[in-house]
Structures are given as structure tokens and as C-alpha cells.
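**Q** Pasting a structure here, questions to come.
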Amino acid sequence: MAKSKGKIELQIEIKTQDQWDELLSKEGLIVVDSYSAWCGPCKAIVSSFKRLKNELGDDMLVFATVETDSIDSLDAYRMKSQPTFLFYADNGRLRHWHPPCWTRQQHVNEAKLR
73 MAKSKGKIEL QIEIKTQDQW DELLSKEGLI VVDSYSAWCG PCKAIVSSFK
123 RLKNELGDDM LVFATVETDS IDSLDAYRMK SQPTFLFYAD NGRLRHWHPP
173 CWTRQQHVNE AKLR
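Following this note's numbering, the numbering of the sequence shown begins with 73 at its first residue and continues without gaps.
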């Protein structure tokens with residue numbers, strides 16, 4: 073897992089377009105929780121992502137959160153069902169996206185398949 077000053081990085085919070093572009097250049101499966109600031113349930117997902125990262129512990133698995141309003145290239149996901157989960161691989165290629173109706177176990181299964 074990525075480490076920062078001896079600390080395990082469980083997920084990355086993306087706030088700018090430059091950070092988004094850098095995220096998509098990472099290797100492995102990138103799972104993104106895209107949300108809007110006004111969406112209360114979206115914020116509850118953050119702790120679930122941290123638990124999943126601890127449980128799976130894979131160096132090639134990156135979890136990130138991003139507010140869709142702050143990233144121009146996520147315009148298509150604004151005002152959609154929130155949160156929306158985006159799965160990237162192969163140098164930033166969008167492989168799948170899922171609306172919030174998935175259960176925790178479905179997310180675990182999806183991550184293990186990649």
C-alpha cells in the first residue's frame with residue numbers, strides 16, 4: 073500500500089483537475105467514489121472505502137473520493153444518482169461505473185474480480 077511518512081494511505085481525496093489527471097495515471101484498479109457536496113449519504117461511504125482497503129490491502133488497488141463539481145472531466149456524473157462509483161484500469165480507462173444501489177458485498181466482489 074502507498075505510505076506517507078510511515079502512514080498507510082487508505083484512500084486519496086481528489087480536489088483538483090491536476091490531482092484527477094495524476095490519479096488516472098496510477099497502475100492497477102482505481103475505484104472512485106464520485107459525489108456532490110450536498111449529498112449526505114455520499115460522505116458515509118468514505119469509511120466503507122477505508123475498511124475495504126484495509127480488508128483487501130492490495131498495492132494495485134487505489135480508492136479515491138472526488139467531488140464531481142470540482143473536476144471538469146466528471147461533468148457527465150453531476151446531478152446523477154449520488155454517489156456514483158467509477159472503476160478505472162489500463163492507464164485511466166473507465167472500465168465500469170455503478171450507481172449507489174450496490175451492496176457492500178457487491179463492491180468487494182467487483183474489487184476482487186479486477
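Just so it is clear, CB atoms sit at the ideal spot from N, CA and C, and this is done for glycine as well.
Could you spell out where the beta strand (DSSP E) holding Glu139 opens and where it closes?
**A** 133-139
**Q** Is it a yes or a no for the region 115-128 touching the region 160-169, going by three-plus beta-carbon pairs under 8 Å?
**A** no
**Q** Rounded to whole angstroms, what is the Cα-Cα separation between Asp144 and Thr88?
**A** 9 Å
**Q** Suppose you measure from the CA of Val138 to the CA of Tyr107; what does that come to, to the nearest Å?
**A** 6 Å
**Q** Thinking Gln83 and Ala161 are a contact (beta carbons under 8 Å), I'd like their distance in whole angstroms, please.
**A** The pair is not a contact, with the Cβ atoms about 17 Å apart (cut-off 8 Å).
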